[in-house]
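Okay, so here's the structure we're looking at.
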Amino acid sequence: MPKVQLVKRPAVAALLSILAWSGAQAEARTGGPSTGKNLYAIVLERELPRFAPRPIVIGQFKSLAPKYRSVPGLRTKYFLLSNRNTYGGAYLLNDKKSADAYLASPLLAELSAKAKGKRTLTRFEIPVAIDGPAAATFDLNKATGVVRIVRIKLPPQTPRDSILAGINEAVPTYQKVPGLVHKWFSIAEDGRIGGIYFFADKASADAWFNPAWHASVKARYGVDGEITTFDAPVVIEN
Numbered sequence: 092m093p094k095v096q097l098v099k100r101p102a103v104a105a106l107l108s109i110l111a112w113s114g115a116q117a118e119a120r121t122g123g124p125s126t127g128k129n130l131y132a133i134v135l136e137r138e139l140p141r142f143a144p145r146p147i148v149i150g151q152f153k154s155l156a157p158k159y160r161s162v163p164g165l166r167t168k169y170f171l172l173s174n175r176n177t178y179g180g181a182y183l184l185n186d187k188k189s190a191d192a193y194l195a196s197p198l199l200a201e202l203s204a205k206a207k208g209k210r211t212l213t214r215f216e217i218p219v220a221i222d223g224p225a226a227a228t229f230d231l232n233k234a235t236g237v238v239r240i241v242r243i244k245l246p247p248q249t250p251r252d253s254i255l256a257g258i259n260e261a262v263p264t265y266q267k268v269p270g271l272v273h274k275w276f277s278i279a280e281d282g283r284i285g286g287i288y289f290f291a292d293k294a295s296a297d298a299w300f301n302p303a304w305h306a307s308v309k310a311r312y313g314v315d316g317e318i319t320t321f322d323a324p325v326v327i328e329n
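Numbering (the working numbering), first residue to last: 92 to 329.
Right under this line is the structure:
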């Protein structure tokens, strides 16, 4: 990931940049289910019941998948399982309004009423979502996909236009990462930058997030990147 340049800018220029970003939010969405610009993502994670065999959980994911075909504004959902004994979903939506509507929907209320354990919700702006080189060949029914969510803390008051410029500069790099199916470049609600990555398999994800990757991030930003790991055995794309 290219280094975000911390450039001091006059207040007027900064204001114009913010206004330009706000205007871009109204642009028409383009691309396939997992690609586009100015999108929005949420990640829901909940504790698994004490006795919840993996095959049974995956079977429940598959039975629920058709319900998400008609969720307004939903482009993609990764059904998630972790080795922290949690499950959940990563959702790519057209905009924040669609995300808020889903969070208030009867579907989620029905599922939440049946669930136990604490639920966590994380929100992300997705300025850019791209296909990786594996997108053309990966079979979504293979159940080998994995998700990595990366968050990197930036210095305070990093200009937003610098963040967006860094994201745009990084796009060609991620279009060449072996085994990468999709990447959603993200700005988390707490301001951390990073991405929601979907790899074809664990080996590809581990090969990318190797010690050299961590050393590079530390050298560029002064902090290590936080990585949250999930299996994604069921995926839908609307």
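We put the beta carbon where it would ideally sit given N, CA and C, even for glycine.
Nearest-angstrom Cα separation, counted from residue j out to residue i
{"i": "residue 205", "j": "residue 172", "result": "18 angstroms"}
{"i": "residue 235", "j": "residue 139", "result": "20 angstroms"}
{"i": "residue 116", "j": "residue 180", "result": "Note that residue 116 has pLDDT 36, beneath the 50 cutoff, so the model's placement of it is unreliable and the number below is only indicative. Roughly 24 angstroms between the two C-alpha positions."}
{"i": "residue 257", "j": "residue 167", "result": "25 angstroms"}
{"i": "residue 260", "j": "residue 327", "result": "29 angstroms"}
{"i": "residue 199", "j": "residue 186", "result": "18 angstroms"}
{"i": "residue 310", "j": "residue 202", "result": "43 angstroms"}
{"i": "residue 153", "j": "residue 170", "result": "9 angstroms"}
{"i": "residue 246", "j": "residue 162", "result": "37 angstroms"}
{"i": "residue 144", "j": "residue 233", "result": "19 angstroms"}
{"i": "residue 196", "j": "residue 263", "result": "37 angstroms"}
{"i": "residue 313", "j": "residue 209", "result": "33 angstroms"}
{"i": "residue 118", "j": "residue 130", "result": "Confidence in residue 118 is poor, its pLDDT being 39 and thus under 50, which makes the residue's placement unreliable; the coordinate value appears in the next sentence. Their Cα atoms are separated by approximately 11 angstroms."}
{"i": "residue 222", "j": "residue 272", "result": "6 angstroms"}
{"i": "residue 299", "j": "residue 268", "result": "8 angstroms"}
From the options, residue whose alpha carbon lies closest to that of residue i
{"i": "residue 255", "options": "325, 153, 286, 157", "result": "286"}
{"i": "residue 302", "options": "292, 159, 318", "result": "318"}
{"i": "residue 136", "options": "251, 158, 207", "result": "207"}
{"i": "residue 212", "options": "147, 178, 296", "result": "178"}
{"i": "residue 124", "options": "182, 283, 292", "result": "182"}
{"i": "residue 141", "options": "176, 132, 158, 126", "result": "176"}
Outcome for residue i when other beta-carbon atoms lying within 10 angstroms are tallied against a minimum of 16
{"i": "residue 338", "result": "The question about residue 338 has no answer, for the chain in this structure spans 92 to 329."}
{"i": "residue 190", "result": "buried"}
{"i": "residue 308", "result": "buried"}
{"i": "residue 147", "result": "exposed"}
Whole-Å CB distance - residue i paired with residue j, under 8 angstroms assumed
{"i": "residue 405", "j": "residue 289", "result": "Missing from the structure shown is residue 405; the chain here goes from 92 to 329 and no further."}
{"i": "residue 132", "j": "residue 184", "result": "7 angstroms"}
{"i": "residue 242", "j": "residue 279", "result": "5 angstroms"}
Backbone secondary structure at residue i - three-state DSSP
{"i": "residue 208", "result": "coil"}
{"i": "residue 134", "result": "strand"}
{"i": "residue 176", "result": "coil"}
{"i": "residue 197", "result": "helix"}
{"i": "residue 270", "result": "coil"}
{"i": "residue 155", "result": "helix"}
{"i": "residue 315", "result": "coil"}
{"i": "residue 260", "result": "helix"}
{"i": "residue 129", "result": "strand"}
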